[in-house]
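Everything below concerns the one structure shown next.
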Amino acid sequence: GLQLTDIDQLWVADITYVHLAEEFAFLAIVLDAFSRKVTGWAIATHLKAELAIEALDKAIAARRPAPGSVIHHSDRGVQYACADYAARLASHDIQPSMSRIGNPYDNAKAERFMRTLKEEEVDGQAYRDIDD
232 GLQLTDIDQL WVADITYVHL AEEFAFLAIV LDAFSRKVTG WAIATHLKAE LAIEALDKAI
292 AARRPAPGSV IHHSDRGVQY ACADYAARLA SHDIQPSMSR IGNPYDNAKA ERFMRTLKEE
352 EVDGQAYRDI DD
């Protein structure tokens, strides 16, 4: 496997839902696999590709990685597989990587972050709306 030695070598991305009083919000994150810090995130009440792209754009703006230095790993969700997302990665010379079909363990770092976030911050909360 890939041996990480520094930040901005591998970013992992995922989307999860947060139950609100009357609807769901969706949270997209980009996580640096070495530091395990969120480098970009976005939240919305839709699951369109723009949600994932906004999180990616924030990560790129925050980290400003050197061209060709980052591998971006995600599951095979339509938001990550769409042409607009692939084009954004290509325009910043970020190499895409995707999990094998039906294998969440391939994106374990992102999945674990989402689980911890839900256990520690989301579960048991009564969020009224997306601004809460």
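The opening position of the sequence shown corresponds to residue 232 in this note's numbering, with each subsequent residue numbered one higher.
Backbone N, C-alpha and C define an ideal beta-carbon position, used for all residues, glycine too.
Tell me the DSSP secondary structure of residue i in three-state form.
| i | result |
| --- | --- |
| Phe344 | helix |
| Val243 | strand |
| Asp315 | helix |
| Ile302 | strand |
| Ile284 | helix |
| Arg294 | helix |
| Ala321 | helix |
| Lys289 | helix |
| Asp363 | coil |
| Glu254 | coil |
| Lys268 | coil |
| Lys279 | coil |
Around the Cβ of residue i, are there at least 16 other Cβ atoms within 10 angstroms (buried) or fewer (exposed)?
| i | result |
| --- | --- |
| Ile332 | exposed |
| Phe344 | buried |
| Gly299 | exposed |
| His304 | buried |
| Val243 | buried |
| Ala314 | exposed |
Spell out the partners DSSP gives residue i in its beta bridges.
| i | result |
| --- | --- |
| Ala259 | Ile246 and Ala273 |
| Gln310 | Per DSSP, none; premise fails for Gln310. |
| Gln326 | Ile302 |
If contacts are defined as beta-carbon pairs under 8 Å, then residue i and residue j qualify, I think. What distance do you get, rounded to the angstrom?
| i | j | result |
| --- | --- | --- |
| Ile361 | Thr247 | Rounded, the Cβ-Cβ distance is 14 Å, inconsistent with contact. |
| Ile302 | Gln326 | 5 Å |
| Ile260 | Val249 | Wrong, their Cβ atoms sit about 12 Å apart, outside the cutoff. |
| Phe265 | Leu241 | 7 Å |
| Asp263 | Ile284 | Asp263 to Ile284, Cβ: 18 Å. No contact. |
| Asp245 | Asp306 | 7 Å |
| Arg319 | Leu287 | 6 Å |
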